Amino acid sequence: MGVRINGRWFSDMQRVTDYLWQLTQRNLELLDAGVPPISEALHRGELKYFRHHIGNMQVWNVSQIWDNGGGQCGDFGPAVAAESIRAGRLAYPVMYQSGTPGVVHVVVQDHETGNWVDPSRSGGMGGTSTMYLPEVSR
């Protein structure tokens with residue numbers, strides 16, 4: 002399986018995970034610089050889930066999420082993971098292959114609780130914001 006993110010082709014999931022972790026670190030820097038977190042805004046409906054750049058996932062940082070009024074799973078995962086880290090909880094974004102061939106989704110795993118959080122659902126994708134998935138190696 003491969004995926005294109007911000008114009009770069011990733012042929013394996015470990016490289017995708019590494020890239021999402023780099024984005025998480027960038028979001029942590031932005032949060033530390035004063036950009037507001039997104040989690041509560043997603044729950045209040047101030048930011049919305051919407052798909053953009055289908056076929057070539059363009060991942061936005063937390064500042065760009067605010068500028069655009071929301072985003073998609075690849076944007077929310079690294080941003081919410083950074084919020085958790087900033088709050089003192091280890092968390093990381095994880096991309097997994099959905100049931101549809103060629104379709105991937107990004108969620109956040111809270112390392113302490115083992116819970117999988119799906120910020121896209123909080124933003125209006127549907128369902129609940131906490132989900133339980135099969136174990137995915139990081």
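One rule links them: number in my numbering = place in the sequence shown (from 1) + 1. Glycine residues also receive a C-beta, built at the ideal position from the N, C-alpha and C atoms. Remember, it's a predicted structure, so these values are computed and weren't measured experimentally.
Item: Stretch-stretch touch, CB-based, cutoff 8 Å, three pairs: the stretch 33–48 with the stretch 93–100; Value: no
Item: Cα-Cα separation between G78 and Y50, rounded to whole angstroms; Value: 12 Å
Item: Assigned exposure category for L91 - 16 Cβ within 10 Å defines buried; Value: exposed
Item: Spatial distance of S138 from D19 (CA atoms); Value: Because S138 sits at a pLDDT of 36, beneath the cut-off of 50, its placement in the model cannot be relied upon, and the following sentence gives the value as read from the coordinates. S138 and D19: Cα-Cα distance of roughly 12 Å.
Item: Rounded distance between the beta-carbons of L31 and N62, thought under 8 Å; Value: 6 Å
Item: Beta-carbon proximity check, A88 vs N28, cutoff 8 Å; Value: no
Item: Option in T114, S64, V118 with minimal Cα separation from V108; Value: V118
Item: Simplified DSSP assignment, three categories, for V107; Value: strand
Item: DSSP-derived helix/strand/coil call for Q15; Value: helix
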